[in-house]
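Here's the structure we're looking at; comments come further down.
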Amino acid sequence: MNDLLGFWLDSLPDLLDGLIVSLQVTGAALAIGFPLGLLLALGVQSKARLINLASLCVVEIGRGAPALVVLQFAYFGLPQGGLTLSSFAAAVVALAWNTGAYTSEIIRAGLESVPFGEIEASSAMGMMRVDTLRFVIIPQGLRVAAPALLGFAAAMLQASSLCFAIALPELTSNAYVIGTNTFRYMEILSLAGILYAAICVPATIAVGVLEQRLGQHTR
Amino acid sequence: MTADMFFGVAMGVPWTLAVTSAAFVLGAALGMPLCAMRLSKLGLLRAIALLYIILFRSVPPLLWVFVFFFGLGSGYLPMSAFEGVVLGLGLITAANMAEIYRGALSAIHGGQWEASQALALPSYSTSLDIIAPQLLRVSLPSSASYAVGLLKDSAIASTIGVTDISFNANYIAKATYQGLPVFAIAALFYIMISLPVAALARAADQRLRARVAL
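If you read the sequences in order, they're chains L and R. Read in the working numbering, the first sequence has 21 at position 15, and its numbers run on one by one without any break. Read in the working numbering, the second sequence has 191 at position 188, and its numbers run on one by one without any break.
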């Protein structure tokens, strides 16, 4: 037991360094992905055919292809097209695409939960379409979407473990490297699992609480 | 050249399908008792089930697969890469399927249990003959979308050396330096597999919906 605790204490700094990289990738992917998701949600609803079609393509490919393949596409594929990204940048690009595609559906469902009467009322009051969107639909829609978006953020932290495949020194990669060096896979992978759970379990509980508070559309 | 790539990636399709279906079958079967434990009258069983579900859903699938393949596999319980990934993904699927079953159960009308009791059916018969068939029909849409998600998660099998779609794509991309088309083809394969699954589930759902008592 002491042996295990000693091993954990020795390797904790490395894992925490990895966790910070995981959180940075996740944060950057979400910071780009959430606004992208909102844009895509509006694009999919757009009546302009070209915008509609382009948004649909981005969403369907982002949702249909495994995140791992998109990651490898960004890291191993794009250099062939003349765009060489560092593993961090490639991870952010791929995960942001993934986030945008998935959250666009969450946000679209939120926007659609705003009752049509409110949109009619806005136009009856002579509000422009842009203003209706900005002041009536988006604030209420995002409120409804908030719990699902938080849940997705936790899922994204888990997805960041896939960056193992493109040699980004995040939590899973660091744990794996320590495992290969010491051959104590079980111990080190368990510690990494505890670190992920320490973030994702509270997030799951928070989603449940938020759902009860914000989930319903309030008039 | 492109045909070589296409067929090279296609070689992985059987493994991708095998990993996905084996993990799904394992999870769908284990999810039933897990769901029963989650709803049990015994506090201890409920706590164990809840802990299992939280634990398996809060740690990344890739890490679970590593825990089984490298952690358990190196010394404790030697296993092949295929077994490792099926075990890892299957146990995660069980946690998620238990939650799907639990949601579906609440959609089955309470009168079904009352009617079974009024007909003096033994409880195993109520569960097996009355509730389970309706449960499967109600949970079909969620199960199908979970299966499509699992298909994409199965790509992590490539990281421990199962020669699935992703693995072959990786191999070919590194051998030819043609990552752009190769990974695009790989993505296309995943999308092509998930489309019919989703369509089939939608069609089956409409036919089976009619056979759930309201």
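The beta-carbon is built from N, C-alpha and C at its ideal position, and this holds for glycine as well.
Residues of the same chain with a CB within less than 7 Å of the CB of S197/R, apart from the 5 flanking positions on each side, are V151 and L154 in chain order. Scanning the stretch 88 to 117 of chain L from its first residue to its last, no whole alpha helix (DSSP H) run of 4-plus residues comes out.
At least one CB of chain L lies nearer than 8 Å to the CB of G182/R. Secondary structure of E126/L (DSSP, three-state): helix.
For A147/R, the enclosing alpha helix (DSSP H) has its first and last residue at A135 to D156. Taking a C-beta distance under 8 Å as the contact criterion, F40/L and T109/L qualify as a contact pair. Put simply, the CB of A97/R is far from chain L, with every gap to its CB atoms at 8 Å or more.
Ranked by how close their Cα comes to the Cα of F59/R, the residues L203/R, L80/R, V185/R and L92/R have L92/R in first place.
In this structure, DSSP gives E66/L a helical state, which the three-state scheme calls helix. Rounded to the nearest whole angstrom, the CA to CA distance from I57/L to G78/R is 55 Å.
Sequence-distant Cβ neighbours of V22/R in its own chain, meaning closer than 8 Å and more than five residues away, are F85, V88, V89, L92, S157, A160, V165 and D167. The C-alpha of R41/R lies about 8 Å from the C-alpha of I51/R. Here S61/L is buried, its C-beta having at least 16 other C-beta atoms within 10 Å. Close partners of N173/R in chain L (Cβ separation under 7 Å): Q78. With respect to chain L, the C-beta atom of S169/R has a partner C-beta closer than 8 Å.
If you draw a straight line from the Cα of C169/L to the Cα of L54/R, it is about 27 Å long.
Rounded to whole angstroms, the separation of the alpha carbons of K177/R and Q86/L is 11 Å.
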